[in-house]
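What follows is a set of notes on a single structure, which appears directly below.
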Amino acid sequence: MENKFVKIGVGVIIIRDDKVLLGLRQGSHGAGEWAFPGGKVEFGETIFEAAIREAKEESGIDVTDLELISIADEMRYIDTDGKHFVVIGVKANAAQGEPLLMEPDKFTEWQWFPVDKLPSPMFEGSKLSMNNYLTKNIYTEVKYRK
Numbered sequence: 165m166e167n168k169f170v171k172i173g174v175g176v177i178i179i180r181d182d183k184v185l186l187g188l189r190q191g192s193h194g195a196g197e198w199a200f201p202g203g204k205v206e207f208g209e210t211i212f213e214a215a216i217r218e219a220k221e222e223s224g225i226d227v228t229d230l231e232l233i234s235i236a237d238e239m240r241y242i243d244t245d246g247k248h249f250v251v252i253g254v255k256a257n258a259a260q261g262e263p264l265l266m267e268p269d270k271f272t273e274w275q276w277f278p279v280d281k282l283p284s285p286m287f288e289g290s291k292l293s294m295n296n297y298l299t300k301n302i303y304t305e306v307k308y309r310k
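Right, here's the structure in full:
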């Protein structure tokens with residue numbers, strides 16, 4: 165049997181003036197969907213270190229006051245792509261400055277949205293993290309549906 169591993173990702177809900185930062189994704193995974201900055205946690209890196217790094221790498225925004233708000237166990241792709249992700253949602257406040265397109269191969273734009281007027285479609289991991297944040301339900305499990 166082939167060894168398979170759970171991958172750990174982090175999504176950063178960056179808040180400023182009661183609005184959240186979302187980027188419009190492009191590329192092979194989630195193209196045309198709005199998403200929070202985020203990505204895989206690197207070996208030897210804490211969840212908060214990964215959140216700070218991903219926010220800066222993707223949007224150019226420095227974040228402060230990090231708080232764990234969501235764990236989403238995503239097993240939707242186990243049977244099709246052999247992927248199992250655990251996505252950790254982290255809420256953070258934005259420091260000064262406006263978002264920049266730091267990785268134009270991944271995002272076409274960044275926008276601030278009121279929490280009650282989020283765009284559609286949203287990237288699944290971002291949608292799960294936001295829902296957990298709004299409902300104060302820290303854990304969500306999504307299994308593959310045939």
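Here the working numbering runs 164 ahead of the position in the sequence shown, where the first position is 1. Each residue gets a CB set at the ideal place from its N, CA and C atoms; glycine is no exception. These numbers were taken from a predicted model, which means no experiment stands behind them.
Give the secondary structure of F212 by DSSP, where H, G and I count as helix, E and B as strand, and everything else as coil.
-> helix
Round the Cβ separation of N296 and G253 to the nearest angstrom and send it over; I've been treating them as touching at under 8 Å.
-> 6 Å
Mark A199 as exposed unless 16 or more other C-beta atoms lie within 10 angstroms of its C-beta, in which case mark it buried.
-> buried
C-alpha gap between Y303 and A236, whole angstroms | 6 Å
Would you check if the distance between the CB atom of G202 and the CB atom of E218 is smaller than 9 Å?
-> yes
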